[in-house]
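In our numbering, the protein residues as written are 12 to 304. Note that CB positions come from ideal geometry on N, CA and C, so glycine has one too.
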Amino acid sequence: MKQWGVTLQKCNRDFEKVQSKVQLSLPLSCTESSALPLNGRAPIITGGSRGIGRAIALHFNSLGARLVINYASNSTHADQLVSLLNSSAAAGAADDGGLPQAIAIKADISDEQQVKTLFDKAEAVFGSIQILVHSAGILDPKYPPIASTTVADWDETFSINTKGAFLCCRAAINRFARGGRIIMISTSLVGGLQPGYGAYTASKAAVETMIKIAAKELKGRGVTANCVAPGPTATELFFQGKSEETINRMVDLCPLGRLGQTHDLTPIVGLIASDAGEWINGQVIRVNGGAIV
């Protein structure tokens, strides 16, 4: 336990250091399109104000993208991120035609009308939207076995994680043109099937199945659909409700002997979102350091 306490503190310090480094590496100019594969694009990132979604937003910005940061209720984190991104763009003094580097849009992604409004508002500011990263999701921190999972908790998990993914995916399919990218953040737990994650894993397994079918239904459109499925990753959502013993056991399962960090995931999402990722389609990419194979 004492040893893990040190490890946990190190994970948190490493996470904060990486976030700081990413923030400091925000691009000063979006004119070098050859070095900025997402230049001129404005991805929608659901759940983009915190955790993995926030890290993806920062990485996309470093690749030249403008950002649509979706959040569900509390605007504080979204506003802070948008302010950071817009301040960086202003410091670069690039000719952006008056467009902001990032905007924040509140929307409950489990509500059909709010998803439509999210896409409508994004298009009103940036024009055509061609990239969706669906990172919004919830996890019951009680980690109940299926026998103890309430109907209310099951329904809430599926409403956000599965229905929300469906509504966002459907909106993207109906709006995206050639070159569009649909990326769902799933979980390696679908391959690991751990007790205590019944509702969460089932909700993500449904998303993985949906995205594989969507990739086939998009035949001839030039739009790709994929899932990125992280393993245990040092974020607020991951640490919530877990004991040091539980986290230590998860670290021990990884051949690399550590928790994942958000910077382990973001380059893969960035690749899939870019033109270079066109040949990756209909896939579930498990990014977990070998913890689940």
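Tell me which residue opens and which closes the beta strand (DSSP E) that residue i is part of.
| i | result |
| --- | --- |
| A226 | First-last for A226: G209 to E228, but that is the alpha helix (DSSP H), not the beta strand (DSSP E). |
| L78 | L78 to Y82 |
Out of the options, point me to the one whose CA is closest to residue i's CA.
| i | options | result |
| --- | --- | --- |
| G207 | E123, I157, L49 and D263 | I157 |
| L47 | F71, S98 and L110 | F71 |
| I196 | V295, K117 and G231 | V295 |
| Y154 | I303, K253 and T273 | K253 |
| L78 | N50, M221 and N85 | N50 |
| L74 | L96, N85, M221 and R61 | L96 |
| S84 | I116, I56, T128 and L69 | I116 |
| A302 | F177, N259, T57 and S159 | N259 |
| G203 | E123, H274, A240 and L69 | A240 |
| D286 | R189, I184 and S98 | R189 |
| S86 | I184, R61 and T257 | R61 |
Mind checking which residues open and close the alpha helix (DSSP H) that includes residue i?
| i | result |
| --- | --- |
| K185 | The question names Lys, but residue 185 in the sequence shown is Asn. Its alpha helix (DSSP H) spans residues G175 to R186. |
| V136 | E123 to F137 |
| N72 | G62 to S73 |
| I280 | Sequence check: residue 280 is Val here, not Ile. That run of the alpha helix (DSSP H) goes T273 to A284. |
| A163 | V162 to F169 |
| E255 | E255 to L264 |
I need the straight-line Cα distance from residue i to residue j, nearest angstrom please.
| i | j | result |
| --- | --- | --- |
| P93 | I120 | Checking the displayed sequence, the identity of residue 93 turns out to be Val instead of Pro. Cα to Cα, V93 sits roughly 20 Å from I120. |
| L248 | G288 | 28 Å |
| I291 | I283 | 7 Å |
| Q251 | T168 | 16 Å |
| A100 | K227 | 38 Å |
| L267 | Q205 | 20 Å |
| A89 | R65 | 9 Å |
| Q112 | I67 | 15 Å |
| G293 | A225 | 8 Å |
| K132 | T198 | 29 Å |
| G242 | F137 | 33 Å |
| K13 | C180 | Unreliable placement is indicated for K13, whose pLDDT of 45 sits below 50; the coordinate value is still reported in the next sentence. Each residue's Cα considered, the two are about 44 Å apart. |
| P152 | I114 | 30 Å |
| E134 | R232 | 20 Å |
| V162 | Q124 | 25 Å |
List the residues that DSSP assigns as beta-bridge partners of residue i.
| i | result |
| --- | --- |
| H145 | T57 and M195 |
| V304 | BP columns for V304 are empty, so no partner. |
| P241 | V298 |
| T235 | R192 |
| K117 | Y82 |
Measuring only between beta-carbons, confirm whether residue i sits less than 8 Å from chain C.
| i | result |
| --- | --- |
| K223 | In summary, chain C is missing from the structure at hand, where a single protein chain is found. |
What do you reckon, is the C-beta of residue i under 7 Å from a heavy atom of the ligand NAD?
| i | result |
| --- | --- |
| I279 | Summarising the ligand content, the structure contains no ligands, and the ligand NAD is consequently not present. |
Quick test of the definition: if touching needs 3 or more C-beta pairs under 8 Å, does the region 198 to 215 touch the region 275 to 284? no
Under 8 Å: do the region 259 to 266 and the region 212 to 224 share three or more Cβ pairs, one atom per stretch? no
Could you tell me whether the region 183 to 194 touches the region 140 to 155, using the rule of 3 or more Cβ pairs below 8 Å? yes
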